[in-house]
Amino acid sequence: MTASGYSICPADRLGRSLRQWRALRRVKQNHAAELLRVSQAMVSRWEAGTQVPTIDEQALLRRLMAARLDSAADHALARLVASSGGTAHLVCDLTHRLLAASPQRSRDWGLRTPELIGVSLWPYATPEIAAAEQALSDHGWFEPDPPAIEVATGANDSPIVPIRPGRLRWTRFQLSDGAFVRLAETIA
């Protein structure tokens, strides 16, 4: 985990994400460089995986590419999660910011869901969740058709976002703007 509270994403994956983000928005490298306050050559090296962004640059990249619910389909996905009978929530895959939560998940939390929307849930992660996050690349999480991943976790001691011992299933989806989200479901 970085000092900013985000999990570490491999640099070549972050660069590929940036390339895909630009392509979907028809943003040229020069414009992306302006938005990120770096040179066009730096953007090119990140996308090629030949240079690793610094921690501060990674934070800028994550802010730029953070998942946003822009389209009707994206909002429909959030509504499905928010009306689910299961225990589930939807977060931005890069920043772990909460986008939607089921009523069952919301009942477990110390704050109302609207107060947590847009807040990173990463500070509440258990050691088991942090370890699973670090192993995502090993499971093909950043590939075009990633498998769902099951994670066994212990409890945390948070009164705000408590996590109980159990099993989670993480499923990765791509939004209409190319950003990725993660559906986290409690399965046991």
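For the sequence shown, the working numbering gives the first residue as 1, with consecutive numbering after it.
All C-beta atoms in this analysis are idealised placements derived from N, C-alpha and C, irrespective of residue type, glycine included.
Ranked by how close their Cα comes to the Cα of residue 14, the residues 169, 41, 54 and 39 have 54 in first place. C-alpha of residue 129 to C-alpha of residue 113: approximately 21 Å in a straight line.
The distance from the Cβ of residue 116 to that of residue 109 is about 7 Å, consistent with a contact at the 8 Å cut-off. Looking from the CA of residue 30, the closest CA among 19, 43, 20 and 68 belongs to 43. Contact between the segment 167-181 and the segment 59-77 is present: 3 or more CB-CB pairs across the two stretches fall below 8 Å. With respect to the C-alpha of residue 170, the residue from 24, 187 and 17 having the closest C-alpha is 187. Residue 58 sits buried, since 16 or more C-beta atoms from the chains shown fall within 10 Å of its C-beta. In the structure shown, the three-state DSSP call for residue 137 is helix.
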